[in-house]
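This report concerns only the one structure given below.
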Amino acid sequence: MADDSVKGEASAQQQRDDGHNKKTVGSNGESAAENQTMSKRQMKKLLKQQKWEEERELRKQRRKERKQQRRLQRQNHQEEEGADAQSARKRPRREVTPSSLRLVVDCSFDKLMLIKDVRKLHKQIQRCYAENRRAVHPVQFYLTSLGGQLKQSMDEKDKGWVNWKDITIKTEHYSEVVAKEDLVYLTSDSPNVLEELDQKKAYVIGGLVDHNHHKGITFERAKELGINHAQLPLSSFVKMNSRKVLAVNHVFEIILAYLEKGSWQEAFFTILPQRKGAVAVDQDGTAIQDKEEEDSDSDSDPDPTPEQTEKSPDGQLQTKL
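Residue numbers (UniProt numbering): 1 to 321.
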(Lines of atoms letter the chains of each structure in order from A and count residues from 1; the text may use other names and numbers.)
(Lines give C-alpha, C1' and ligand atoms only; values in the text may rest on other atoms or scores of the structure.)
Protein backbone atom coordinates (compact mmCIF):
# COMPACT_ATOMS: atom_id res chain seq x y z
CA MET A 1 0.00 0.00 0.00
CA ALA A 2 2.82 2.35 0.86
CA ASP A 3 4.37 1.72 -2.53
CA ASP A 4 1.14 2.59 -4.28
CA SER A 5 0.92 5.89 -2.35
CA VAL A 6 4.47 6.91 -3.33
CA LYS A 7 3.81 6.07 -6.95
CA GLY A 8 0.66 8.18 -6.88
CA GLU A 9 2.48 11.23 -5.55
CA ALA A 10 5.26 10.81 -8.08
CA SER A 11 2.73 10.63 -10.86
CA ALA A 12 0.96 13.79 -9.66
CA GLN A 13 4.26 15.65 -9.47
CA GLN A 14 5.11 14.54 -12.98
CA GLN A 15 1.81 15.90 -14.23
CA ARG A 16 2.42 19.25 -12.55
CA ASP A 17 5.92 19.53 -14.09
CA ASP A 18 4.56 18.66 -17.50
CA GLY A 19 1.91 21.33 -17.15
CA HIS A 20 4.47 23.98 -16.17
CA ASN A 21 6.71 23.07 -19.09
CA LYS A 22 3.77 23.35 -21.43
CA LYS A 23 3.00 26.83 -20.07
CA THR A 24 6.62 27.90 -20.51
CA VAL A 25 6.70 26.61 -24.03
CA GLY A 26 3.43 28.40 -24.67
CA SER A 27 4.73 31.68 -23.25
CA ASN A 28 7.91 31.49 -25.31
CA GLY A 29 5.87 30.71 -28.30
CA GLU A 30 3.67 33.73 -27.71
CA SER A 31 6.77 35.96 -27.22
CA ALA A 32 8.27 34.66 -30.41
CA ALA A 33 4.99 35.24 -32.14
CA GLU A 34 4.91 38.82 -30.84
CA ASN A 35 8.44 39.41 -32.10
CA GLN A 36 7.48 38.05 -35.45
CA THR A 37 4.39 40.31 -35.64
CA MET A 38 6.34 43.53 -34.52
CA SER A 39 7.19 45.74 -37.50
CA LYS A 40 10.70 46.98 -38.28
CA ARG A 41 9.63 50.52 -37.40
CA GLN A 42 8.43 49.40 -33.98
CA MET A 43 11.63 47.44 -33.42
CA LYS A 44 13.70 50.50 -34.36
CA LYS A 45 11.70 52.67 -31.99
CA LEU A 46 12.12 50.13 -29.19
CA LEU A 47 15.89 49.95 -29.70
CA LYS A 48 16.10 53.71 -29.79
CA GLN A 49 14.23 53.96 -26.50
CA GLN A 50 16.53 51.39 -24.93
CA LYS A 51 19.59 53.31 -26.14
CA TRP A 52 18.10 56.59 -24.79
CA GLU A 53 17.68 55.04 -21.36
CA GLU A 54 21.20 53.60 -21.39
CA GLU A 55 22.75 57.00 -22.25
CA ARG A 56 20.74 59.05 -19.71
CA GLU A 57 23.64 59.47 -17.28
CA LEU A 58 26.03 60.32 -20.09
CA ARG A 59 23.77 63.11 -21.33
CA LYS A 60 23.41 64.46 -17.81
CA GLN A 61 27.18 64.62 -17.45
CA ARG A 62 27.58 66.41 -20.78
CA ARG A 63 24.95 69.02 -19.83
CA LYS A 64 26.76 69.66 -16.60
CA GLU A 65 30.07 70.15 -18.41
CA ARG A 66 28.54 72.55 -20.96
CA LYS A 67 26.89 74.58 -18.22
CA GLN A 68 30.16 74.87 -16.34
CA GLN A 69 31.97 75.91 -19.52
CA ARG A 70 29.42 78.66 -20.25
CA ARG A 71 29.73 79.96 -16.69
CA LEU A 72 33.51 80.17 -17.03
CA GLN A 73 33.15 82.00 -20.35
CA ARG A 74 30.76 84.54 -18.80
CA GLN A 75 33.13 85.13 -15.91
CA ASN A 76 36.07 85.68 -18.25
CA HIS A 77 33.99 88.06 -20.41
CA GLN A 78 32.83 90.07 -17.39
CA GLU A 79 36.37 90.29 -16.07
CA GLU A 80 37.61 91.57 -19.44
CA GLU A 81 34.78 94.11 -19.67
CA GLY A 82 35.38 95.22 -16.10
CA ALA A 83 39.07 95.73 -16.80
CA ASP A 84 38.30 97.71 -19.97
CA ALA A 85 35.68 99.85 -18.21
CA GLN A 86 37.98 100.50 -15.30
CA SER A 87 40.83 101.54 -17.58
CA ALA A 88 38.42 103.69 -19.62
CA ARG A 89 37.29 105.45 -16.45
CA LYS A 90 40.81 105.96 -15.24
CA ARG A 91 42.24 107.38 -18.47
CA PRO A 92 40.20 110.60 -18.62
CA ARG A 93 40.40 111.15 -14.87
CA ARG A 94 44.20 111.34 -15.11
CA GLU A 95 43.80 114.22 -17.57
CA VAL A 96 41.37 116.16 -15.38
CA THR A 97 42.51 119.49 -13.96
CA PRO A 98 39.94 120.85 -11.49
CA SER A 99 39.14 124.55 -11.70
CA SER A 100 38.98 126.82 -8.67
CA LEU A 101 36.07 128.68 -10.28
CA ARG A 102 32.76 128.30 -8.43
CA LEU A 103 29.37 127.88 -10.10
CA VAL A 104 26.31 128.35 -7.89
CA VAL A 105 22.76 127.36 -8.83
CA ASP A 106 20.41 129.63 -6.87
CA CYS A 107 17.29 127.59 -5.95
CA SER A 108 15.53 130.36 -4.03
CA PHE A 109 12.77 130.74 -6.64
CA ASP A 110 10.95 127.56 -5.65
CA LYS A 111 7.65 129.24 -4.72
CA LEU A 112 7.46 131.04 -8.07
CA MET A 113 7.30 127.82 -10.11
CA LEU A 114 4.67 125.22 -10.89
CA ILE A 115 5.54 121.65 -9.98
CA LYS A 116 6.07 120.73 -13.67
CA ASP A 117 8.64 123.52 -13.97
CA VAL A 118 10.30 122.45 -10.73
CA ARG A 119 10.75 118.98 -12.23
CA LYS A 120 12.33 120.53 -15.31
CA LEU A 121 14.74 122.41 -13.07
CA HIS A 122 15.50 119.14 -11.28
CA LYS A 123 16.49 117.52 -14.61
CA GLN A 124 18.63 120.53 -15.52
CA ILE A 125 20.48 120.26 -12.21
CA GLN A 126 21.03 116.55 -12.82
CA ARG A 127 22.54 117.42 -16.19
CA CYS A 128 24.82 120.02 -14.61
CA TYR A 129 26.06 117.49 -12.08
CA ALA A 130 26.69 114.80 -14.71
CA GLU A 131 28.52 117.17 -17.08
CA ASN A 132 30.69 118.54 -14.29
CA ARG A 133 31.67 115.03 -13.22
CA ARG A 134 33.07 114.23 -16.68
CA ALA A 135 34.45 117.67 -17.54
CA VAL A 136 38.12 118.24 -18.30
CA HIS A 137 38.13 121.20 -15.90
CA PRO A 138 35.34 120.55 -13.37
CA VAL A 139 34.25 123.56 -11.36
CA GLN A 140 33.37 123.87 -7.68
CA PHE A 141 29.63 123.17 -7.89
CA TYR A 142 27.26 124.72 -5.32
CA LEU A 143 23.52 124.16 -4.90
CA THR A 144 21.98 126.69 -2.49
CA SER A 145 18.55 127.36 -0.97
CA LEU A 146 17.55 123.74 -1.55
CA GLY A 147 14.12 122.95 -0.13
CA GLY A 148 10.40 122.99 -0.87
CA GLN A 149 9.13 121.45 -4.10
CA LEU A 150 12.59 120.94 -5.59
CA LYS A 151 13.87 118.87 -2.66
CA GLN A 152 10.62 116.89 -2.69
CA SER A 153 11.08 116.14 -6.39
CA MET A 154 14.69 115.08 -5.83
CA ASP A 155 13.68 112.82 -2.94
CA GLU A 156 10.96 111.17 -5.02
CA LYS A 157 12.65 110.95 -8.42
CA ASP A 158 16.34 110.67 -7.57
CA LYS A 159 16.97 109.39 -4.06
CA GLY A 160 20.64 108.92 -4.87
CA TRP A 161 21.25 112.68 -4.88
CA VAL A 162 22.23 112.50 -1.20
CA ASN A 163 25.32 110.52 -2.31
CA TRP A 164 26.42 113.01 -5.00
CA LYS A 165 30.15 113.73 -4.92
CA ASP A 166 32.13 116.90 -5.63
CA ILE A 167 29.17 119.17 -4.94
CA THR A 168 28.26 121.45 -2.04
CA ILE A 169 24.54 121.41 -1.25
CA LYS A 170 23.15 123.98 1.18
CA THR A 171 19.72 124.95 2.45
CA GLU A 172 21.07 128.46 3.10
CA HIS A 173 21.00 131.31 0.56
CA TYR A 174 24.15 131.71 -1.54
CA SER A 175 24.84 135.08 0.10
CA GLU A 176 25.33 133.19 3.37
CA VAL A 177 27.67 130.63 1.79
CA VAL A 178 29.95 132.76 -0.39
CA ALA A 179 31.55 136.11 0.40
CA LYS A 180 29.61 139.00 -1.17
CA GLU A 181 32.66 140.43 -2.97
CA ASP A 182 33.23 137.10 -4.75
CA LEU A 183 29.72 136.85 -6.21
CA VAL A 184 28.77 137.60 -9.81
CA TYR A 185 25.17 136.95 -10.85
CA LEU A 186 24.83 135.77 -14.46
CA THR A 187 21.70 137.35 -15.94
CA SER A 188 20.84 138.25 -19.52
CA ASP A 189 19.32 141.55 -18.31
CA SER A 190 22.62 142.87 -16.98
CA PRO A 191 24.25 145.70 -19.00
CA ASN A 192 27.67 144.28 -18.14
CA VAL A 193 29.21 141.79 -20.58
CA LEU A 194 31.43 139.04 -19.20
CA GLU A 195 34.61 139.00 -21.29
CA GLU A 196 36.75 136.69 -19.16
CA LEU A 197 36.15 134.29 -16.28
CA ASP A 198 37.82 135.06 -12.97
CA GLN A 199 38.90 131.86 -11.25
CA LYS A 200 38.51 133.55 -7.86
CA LYS A 201 34.85 134.41 -8.40
CA ALA A 202 31.63 132.51 -7.73
CA TYR A 203 29.19 132.86 -10.65
CA VAL A 204 25.53 132.49 -9.75
CA ILE A 205 22.97 130.95 -12.13
CA GLY A 206 19.31 131.56 -11.34
CA GLY A 207 17.51 128.25 -10.80
CA LEU A 208 14.25 129.38 -12.36
CA VAL A 209 12.05 127.83 -15.07
CA ASP A 210 9.19 130.26 -15.59
CA HIS A 211 8.79 130.72 -19.39
CA ASN A 212 9.49 134.45 -19.02
CA HIS A 213 6.67 135.02 -16.51
CA HIS A 214 9.07 136.77 -14.11
CA LYS A 215 11.23 138.66 -16.58
CA GLY A 216 14.22 140.44 -15.05
CA ILE A 217 13.77 138.96 -11.58
CA THR A 218 17.33 137.63 -11.29
CA PHE A 219 18.74 141.04 -12.28
CA GLU A 220 16.54 142.75 -9.68
CA ARG A 221 17.61 140.29 -6.97
CA ALA A 222 21.28 140.94 -7.74
CA LYS A 223 20.76 144.69 -7.50
CA GLU A 224 18.80 144.35 -4.24
CA LEU A 225 21.68 142.40 -2.67
CA GLY A 226 24.25 144.80 -4.07
CA ILE A 227 26.33 142.12 -5.78
CA ASN A 228 28.08 142.21 -9.14
CA HIS A 229 26.20 141.01 -12.19
CA ALA A 230 26.98 140.29 -15.86
CA GLN A 231 25.69 138.51 -18.95
CA LEU A 232 27.54 136.03 -21.13
CA PRO A 233 29.00 137.61 -24.31
CA LEU A 234 26.38 135.89 -26.42
CA SER A 235 25.55 138.82 -28.72
CA SER A 236 29.23 139.32 -29.56
CA PHE A 237 29.55 135.89 -31.12
CA VAL A 238 26.08 134.53 -31.85
CA LYS A 239 22.85 135.70 -33.46
CA MET A 240 19.79 133.68 -32.44
CA ASN A 241 16.23 133.44 -33.65
CA SER A 242 14.89 132.99 -30.12
CA ARG A 243 15.33 134.98 -26.91
CA LYS A 244 18.71 135.00 -25.18
CA VAL A 245 17.44 133.39 -21.96
CA LEU A 246 19.15 130.01 -21.61
CA ALA A 247 18.38 126.98 -19.45
CA VAL A 248 20.38 126.46 -16.27
CA ASN A 249 22.30 123.51 -17.70
CA HIS A 250 23.10 125.41 -20.94
CA VAL A 251 24.77 128.24 -19.02
CA PHE A 252 26.59 125.71 -16.84
CA GLU A 253 27.81 123.68 -19.83
CA ILE A 254 28.87 126.78 -21.81
CA ILE A 255 31.17 127.78 -18.95
CA LEU A 256 32.60 124.25 -18.76
CA ALA A 257 33.19 124.32 -22.53
CA TYR A 258 34.87 127.74 -22.31
CA LEU A 259 37.23 126.48 -19.60
CA GLU A 260 38.18 123.59 -21.89
CA LYS A 261 38.38 125.37 -25.27
CA GLY A 262 39.32 128.91 -24.26
CA SER A 263 36.91 130.36 -26.83
CA TRP A 264 33.44 131.77 -26.21
CA GLN A 265 32.38 131.17 -29.80
CA GLU A 266 33.40 127.50 -29.72
CA ALA A 267 31.71 127.10 -26.36
CA PHE A 268 28.44 128.63 -27.60
CA PHE A 269 28.25 126.56 -30.77
CA THR A 270 29.21 123.37 -28.92
CA ILE A 271 26.41 123.71 -26.38
CA LEU A 272 23.55 125.76 -27.83
CA PRO A 273 20.70 123.56 -29.10
CA GLN A 274 19.82 123.72 -32.81
CA ARG A 275 16.33 125.00 -32.08
CA LYS A 276 17.91 128.30 -30.99
CA GLY A 277 18.95 128.91 -34.62
CA ALA A 278 22.39 130.18 -33.58
CA VAL A 279 24.47 131.87 -36.32
CA ALA A 280 28.02 133.19 -35.94
CA VAL A 281 28.45 136.97 -36.14
CA ASP A 282 31.36 139.09 -37.34
CA GLN A 283 33.15 141.73 -35.26
CA ASP A 284 30.72 144.40 -36.47
CA GLY A 285 27.78 142.33 -35.18
CA THR A 286 26.59 141.20 -38.64
CA ALA A 287 25.69 137.56 -39.05
CA ILE A 288 28.40 135.90 -41.13
CA GLN A 289 25.80 133.94 -43.09
CA ASP A 290 23.90 137.13 -43.99
CA LYS A 291 27.16 138.83 -44.95
CA GLU A 292 28.12 135.96 -47.23
CA GLU A 293 24.72 136.18 -48.94
CA GLU A 294 25.16 139.94 -49.43
CA ASP A 295 28.64 139.42 -50.92
CA SER A 296 27.23 136.76 -53.22
CA ASP A 297 24.51 139.14 -54.40
CA SER A 298 27.02 141.93 -55.02
CA ASP A 299 29.18 139.64 -57.16
CA SER A 300 26.31 138.99 -59.57
CA ASP A 301 25.60 141.40 -62.48
CA PRO A 302 23.27 144.22 -61.38
CA ASP A 303 20.16 145.08 -63.32
CA PRO A 304 20.90 147.75 -65.96
CA THR A 305 19.73 151.30 -65.29
CA PRO A 306 17.52 153.17 -67.75
CA GLU A 307 20.56 155.18 -68.90
CA GLN A 308 22.39 151.97 -69.79
CA THR A 309 19.66 150.72 -72.14
CA GLU A 310 18.66 151.92 -75.57
CA LYS A 311 16.64 150.60 -78.45
CA SER A 312 18.33 148.95 -81.39
CA PRO A 313 17.30 149.78 -84.95
CA ASP A 314 15.00 146.76 -84.94
CA GLY A 315 13.20 148.04 -81.84
CA GLN A 316 14.85 145.62 -79.32
CA LEU A 317 16.29 146.89 -76.01
CA GLN A 318 20.08 146.78 -75.76
CA THR A 319 22.36 147.33 -72.80
CA LYS A 320 25.29 149.73 -72.98
CA LEU A 321 28.53 148.19 -71.74
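Using N, Cα and C, we set each Cβ at its ideal position, and we do this for glycine too. Computed from a prediction, not measured in an experiment: that's the story for all the values here.
Could you compute how far the alpha carbon of residue i sits from the alpha carbon of residue j?
| i | j | result |
| --- | --- | --- |
| Q265 | R71 | 53 angstroms |
| E53 | K40 | 20 angstroms |
| V136 | T97 | 6 angstroms |
| R133 | L103 | 13 angstroms |
| K45 | Q78 | 45 angstroms |
| Q69 | R56 | 20 angstroms |
| L259 | Y203 | 14 angstroms |
| K151 | H229 | 27 angstroms |
| K60 | R66 | 10 angstroms |
| G207 | C128 | 12 angstroms |
| Q140 | R63 | 57 angstroms |
| T218 | H211 | 14 angstroms |
| K111 | N163 | 26 angstroms |
| V209 | P273 | 17 angstroms |
| S153 | T144 | 16 angstroms |
| Q231 | V251 | 10 angstroms |
| G148 | A257 | 31 angstroms |
| T270 | L234 | 13 angstroms |
| residue 325 | A130 | There is simply no residue 325 to check, as the chain begins at 1 and stops at 321 in what is shown. |
Quick one: grab the DSSP three-state call for residue i.
| i | result |
| --- | --- |
| R102 | strand |
| V178 | coil |
| V248 | helix |
| K212 | A small correction: the amino acid at residue 212 is Asn; Lys does not occupy that position in the sequence shown. If DSSP states are grouped into helix, strand and coil, N212 belongs with coil. |
| I255 | helix |
| E307 | With a pLDDT of only 46 at E307, under 50, the local geometry of the prediction cannot be trusted, and the value read off the model is given with reservation. Reduced to three states, the DSSP call for E307 is helix. |
| K223 | helix |
| residue 339 | Look at the range of the chain in this structure, 1 to 321, and you will see that residue 339 is not part of it. |
| K111 | helix |
| K120 | helix |
| K239 | strand |
Please classify residue i: is it buried, with 16 or more other beta-carbons within 10 angstroms of its beta-carbon, or exposed?
| i | result |
| --- | --- |
| E253 | buried |
| D106 | buried |
| P138 | buried |
| H122 | buried |
| L101 | buried |
| S263 | exposed |
| N192 | exposed |
| N249 | buried |
| T187 | buried |
Under 8 angstroms: do the stretch 188–207 and the stretch 155–166 share three or more Cβ pairs, one atom per stretch? no
For a minimum of 3 consecutive residues, which ranges assigned as the beta strand (DSSP E) are wholly contained in the stretch 128–198? 140–144, 167–169 and 183–186
Inspect the CB distances between the stretch 183–195 and the stretch 212–228 and report whether three or more fall short of 8 angstroms. yes
Any 3 or more C-beta pairs closer than 8 angstroms across the stretch 115–126 and the stretch 231–241: no
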